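Note sheet for the following structure.
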Amino acid sequence: MREFTSRFEISGETLDIRGLAASLTDRTAGALASFEGWVRDHNDGRQVDGLDYEIFAPLALAEGKAILDEARQKYNVNAIRAVHRQGMLAIGDCAVWVGVVSAHRDEAFRACRYVIDEVKHRLPIWKKEHYRDGAAEWVNCQHPGAAHADHARGEGHSHVNEALVFAEADFYARQIRLPEVGAEGQAKLKAAQVLIVGAGGLGSPAGLMLAAAGVGTIGILEFDILEASNLHRQVLYAAADVGQPKADMAAKRLKAQNPFIDVKIHAAKADAETLPALFGQYDIVLDCTDNFATKYLLADAAILYGVPVVQASIHRFEGQLLTIDPRSDGGCLRCLWPAPPPEGLIGNCAEVGVLGVTPGLFGTLQASEALKIILGLPGVLSRQLLIMDALSLDTRKIARSKDADCPLCGTHPTIHALQQRENTAHELDVADLTPEALARFRIVDLREAEERLEYPLPLAHHAPFTKFDATKPTFDASKPVLLVCAQGRRSQSATQQLRAQGWNDVFSLIGGAKALAHLFHQAAE
Amino acid sequence: MTLPVRLEYFALLREQRGLGAETVQTAASTARDLYRELASAHGFTLAAERVRVAINNEFASWDRPLAANDTIVFIPPVAGG
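Residue numbers (the numbering used here), protein chains in the order written: chain A, 1 to 525; chain B, 1001 to 1081.
Here it is, written out as structure tokens:
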């Protein structure tokens, strides 16, 4: 006669399966469903000779008992018994046994399935796989994805506190010791979901720090292929990864850094189509991108979708950091600079160069901001902009606040949705051209001879559009060139054609010769 | 009458000025006038509309009158990563 309704054990001996089943004998039961887990001779494509199970018994016994109690209650079965082996096992040995008795077979099958799935999902068990080639490797048996379909968060056990056992708790021991973190803070980190947009110079250190700290879900939005010129600053990658998709390599590296977290790959561009859904999935977004168009999209999405965005940007040895927190009164990126400047006026890393430590510092600061937000710590940069020069180490925090006239978050906003593209990268507006900026460019006048009489541009090179051939430009297209026509349409077309030929320092002037003549006129005054 | 002010330049402006910080005497009455003077003296390629000015660690309007010993930082947006 059995004297228990559920019992979970750990055994160092070969399992006596017939004896275990017999111990469940029950005159009111009509069904016994049992499961046996065996040691097989291969895993992940490698030949396995045997397994060494190591179990952290006090926690495993408590968690195992909890799983059995849940199953008994959920499926209303008579009794459940489960045993897990520890120590060395050979191929074919039974590593785990689950038996359930109930009045009818359906509940018995379902409870049995629930128990084995949850045991795989929740128990702090490690196995050392001994491979036929002589190697051996410790593998964590906790499978985050192995939970039973009936398993729900917050039911029966917590995924946060109790799941932090054994190796995982050891992992975070030094930060849990901080009163500002503690077990409760670690649980918040585990529950947090952070999206990293751009797995480059900023995203690399940010991702590594967040993964190491135990942020439970990290998303990587990146579509690029790794190039050799990335390696000096993008510390997520190894030289052997060149030519591979960055998102895949980044996810692999972060999972290796911390096997207890979940890393999601989003191999896509950050644009008005992809961002709305992603902002719905994550608690915090790190802007680790390297161009104004994407930075403004992400900054706008922060306000439009109510998700904090931590933004860092680098220029040579200097960087800027700010956190756009839609719940604060610190405002957004557009409160500071209402619109992005035309590409080409400021320069990017490819053009001006960068030392790897500069994005290294700022990416780490982005991770720090994210951790502060998750842990509810003070000092989040939601009402300031941090600027720092890595050479002098001069640092300034500049107070900012919401601008009532901001087109995005002001009192009468004009931006109500993400804009795919606001200023074409290769078009310049006279408002952006000081006489000094203009002096950088060779001006090429695309107008026909008779048109040039109106608003003449005496210093310009003449290249009438009717004879224009982008494959054979009559001017040096490798130097900065500003194309001008009457209104800016022909110059835009010619610019696009030249850029398609690889001449990237070619720009088109919005407003054409009239706008330019006006600028000269102003300068002469 | 001129005022002594401390100037700091960020990013592109630092490069175009050729230094990160300096103290100058200025006759300009507002931040905008001061930036205009500097832009023409040092060949800044960014129009004031593209740059933000911070006075004494706070973002300020270009129209803000200057006071003696103000610390004035000119900050263009940057986008590298």
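Ideal Cβ positions, reconstructed from N, Cα and C, are used throughout, including at glycine.
Small disclaimer: the values here were computed from a predicted structure and weren't measured.
Q.
For H148 (chain A) and L210 (chain A), I'd like the C-alpha separation in whole angstroms.
A. 28 angstroms
Q: Quick one: list the residues of chain B neighbouring L202 (chain A), beta-carbon separation under 8 angstroms, in chain order.
A: G1081
Q. Any beta-carbon of chain B closer than 9 angstroms to the one on I324 (chain A)?
A. no
**Q.** Proximity of P1026 (chain B) and E1037 (chain B) at Cβ, strictly below 9 angstroms
**A.** For the record, residue 1026 (chain B) in the displayed sequence is Thr; it is not Pro. Contact flag set, yes.
Q: Could you name the residues that DSSP lists as bridge partners for A1054 (chain B)?
A: B:F1059 and B:V1073
Q: Leaving aside the five residues before and after V1073 (chain B) along the sequence, list all residues of the same chain whose C-beta is less than 6 angstroms from its C-beta, in chain order.
A: E1008 and A1054.
Q. Taking Cβ-Cβ distances shorter than 7 angstroms, what residues in chain A pair up with I1075 (chain B)?
A. I387
Q. Does the Cβ of G154 (chain A) have 16 or more other Cβ atoms within 10 Å, making it buried, or fewer, making it exposed?
A. Only weak support exists for where G154 (chain A) lies, its pLDDT of 42 falling under 50; the coordinates are left without a value.
Q) Would you say A192 (chain A) reaches chain B, if we count a Cβ-Cβ gap shorter than 9 angstroms as a contact? A) Taking Cβ atoms only, chain B never reaches closer than 9 angstroms to A192 (chain A), which makes this a no.
Q. With burial defined as no fewer than 16 other Cβ atoms inside 10 Å of the residue's Cβ, what is the status of H518 (chain A): buried or exposed?
A. Classification for H518 (chain A): exposed.
Q. What residue from A:R327, A:T289, A:E54 and A:T474 has the CA that sits closest to Y305 (chain A)'s CA?
A. A:R327
Q) Which stretch, first to last residue, makes up the alpha helix (DSSP H) that contains Q186 (chain A)? A) Q186 (chain A) -> alpha helix (DSSP H) spans G182 to A191.
Q | Chain-order list of residues whose beta-carbon lies under 6 angstroms from that of H84 (chain A) (same chain, five-residue window excluded) | A | Excluding sequence neighbours, H84 (chain A) sits near I10 and V96.
Q. Fully enclosed by the region 353-419 of chain A, which beta strand (DSSP E) runs are 3 residues long or longer?
A. 384-389 and 395-399
Q.
Can you check whether the C-beta of R464 (chain A) is within less than 9 angstroms of a C-beta belonging to chain B?
A. Checking the displayed sequence, the identity of residue 464 (chain A) turns out to be Pro instead of Arg. Answer no: the Cβ-Cβ gap between P464 (chain A) and chain B never drops below 9 angstroms.
Q) Within 10 angstroms of its Cβ, does D1070 (chain B) collect 16 or more other Cβ (buried), or is it exposed? A) buried
Q.
Taking CB distances under 9 angstroms as the criterion, tell me whether D530 (chain A) reaches chain B.
A. This structure does not reach residue 530 (chain A), given that chain A is present from 1 up to 525, and the question cannot be answered.
Q | Residue from A:V444, A:A191, A:L231 and A:L408 whose Cα sits closest to the Cα of I373 (chain A) | A | Distance from the Cα of I373 (chain A) is smallest, within the candidate group A:V444, A:A191, A:L231 and A:L408, for A:A191.
Q: Give every residue of the same chain whose Cβ lies closer than 8 angstroms to the Cβ of P464 (chain A), excluding the five residues on either side of it in the sequence, and list them in chain order.
A: L446, R447, E448 and A449
Q | F441 (chain A) - DSSP class collapsed to helix/strand/coil | A | coil
(Q) Per the DSSP calculation, R447 (chain A) is bridged to which residue(s)? (A) Answer is none; R447 (chain A) lacks a bridge partner.
(Q) Can you pull out the residues from the region 1052-1063 of chain B whose beta carbon lies closer than 9 angstroms to at least one beta carbon of chain A? (A) R1052, A1054, N1057, E1058 and F1059
Q.
My output table needs one value for A1067 (chain B): the three-state DSSP class, helix, strand or coil.
A. coil
Q | Short CB-CB distance (under 9 angstroms) between K329 (chain A) and chain B | A | According to the sequence as given, residue 329 (chain A) is Asp; it is not Lys. With 9 angstroms as the cut-off, D329 (chain A) does not count as an interface residue toward chain B.
Q: Return the residue from the list A:E168, A:A513 and A:M88 that minimises the CA-CA distance to L457 (chain A).
A: Answer by Cα proximity: A:A513.
Q: Reducing DSSP to helix, strand and coil, say where M249 (chain A) ends up.
A: Annotated three-state conformation of M249 (chain A) is helix, per DSSP.
Q. Taking C-beta to C-beta, are A390 (chain A) and V357 (chain A) nearer than 9 angstroms?
A. Result yes, Cβ atoms of A390 (chain A) and V357 (chain A) sit closer than 9 angstroms.
Q) Any idea if K479 (chain A) is buried or exposed, counting beta-carbon neighbours within 10 angstroms, 16 or more meaning buried? A) exposed
Q: Output the boundary residues of the beta strand (DSSP E) element that contains H315 (chain A).
A: Segment V309 to H315, the beta strand (DSSP E) holding H315 (chain A).
Q | Under the three-state DSSP convention, the category I91 (chain A) falls into | A | coil
**Q.** Residues of the region 1029-1047 of chain B whose Cβ lies closer than 9 angstroms to any Cβ of chain A, in chain order
**A.** A1039, S1040, H1042, G1043, F1044, T1045, L1046 and A1047
Q) In the structure shown, what three-state DSSP assignment does T294 (chain A) receive? A) helix
Q. If you compare alpha carbons, which of A:T411, A:T217, A:D117 and A:V430 is closest to A370 (chain A)?
A. A:T217
**Q.** Alpha carbon of V242 (chain A) to alpha carbon of H104 (chain A), nearest angstrom
**A.** Going by the C-alpha atoms only, they are around 58 angstroms apart.
Q.
Quick check on L208 (chain A) - is its C-beta less than 9 angstroms from some C-beta in chain B?
A. no
Q: Within 10 angstroms of the Cβ of M88 (chain A), are there 16 or more other Cβ atoms? Answer buried if so, exposed if not.
A: exposed
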